[in-house]
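Novice: If you're matching positions, the sequence shown starts at -18 in the numbering used here and goes up one per residue. Every residue, glycine too, gets a C-beta built ideally from N, C-alpha and C. Source: prediction; values computed, not measured.
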Amino acid sequence: MKNSRLIIFASLVLAGILLVQFNQIPNLDKQLAQANADLKQTKLSHNKSETIVSSPKSQQNQVSNSTKKVTSFVETFSNQPTSTYPDTLKGLASQKVINELTQTFAPSVTFSDKAHYDVPLIGLKNAWGSDLEYLAIAKSDAQSVAYSIIYDTDEKQVTNMSRLTLKGAFDNEK
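Below is the structure:
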């Protein structure tokens, strides 16, 4: 009698363990599916990183060409009247940026007598990815102006920019 009670108790404990394990199967399936999705995303990300790292020459050429276009863009809008922006900046910047420049970013203090701006500095903040981030300084005899510029290498144009406050070496305003 004692042995049969022990066998029944052990059978109940084993049945309880099996029941708990069977209840865990759906959760484990969900975890497996999530792990597979994460693995797939990681492999895609790794392949992109591997492509960029394995072809630094093409990335360097892309950054170099983009830097030239951003420099040209800053020189163009800094030295042109705001009324010509829609025509002169077409293809260099998105329509949103052209509209913002026309309304708010005109670099000269006096719009009628525009000074000539040189672009002594175009600094690259982020060189990886399809959006390159630049810092540009436009400098005239009267003032220096800094811009944060985002250049989209897929669209091959400036897609966003903002005017920054300058302090320090480039701040030559009197």
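Using beta-carbon positions only, say whether Q15 and L73 come within less than 9 angstroms of one another.
Specialist: no
Novice: S125 by DSSP, collapsed to three states: which one?
Specialist: strand
Novice: Along the chain, where does the beta strand (DSSP E) that runs through T140 open and close?
Specialist: Q138 to L145
Novice: Who are the Cβ neighbours of L145 in its own chain at under 7 angstroms, not counting the five residues just before and after it?
Specialist: A127, Y128 and S129
Novice: Identify whether S89 lies in helix, strand or coil by the three-state DSSP scheme.
Specialist: With a pLDDT of 46 at S89, under the threshold of 50, the modelled position of this residue cannot be trusted, and the question is left open.
Novice: Between the Cα of L102 and those of E81, S53 and Q76, spot the shortest distance and give me the residue it belongs to.
Specialist: S53
Novice: Which residues share a DSSP beta bridge with K71?
Specialist: A74
Novice: So, using beta-carbon positions, are L113 and S47 closer together than 9 angstroms?
Specialist: yes
Novice: With 16 as the cutoff for other CB atoms within 10 Å, does F(-10) come out buried or exposed?
Specialist: exposed
Novice: Whole angstroms is fine: what's the gap from L(-13)'s alpha carbon to I6's?
Specialist: 29 angstroms
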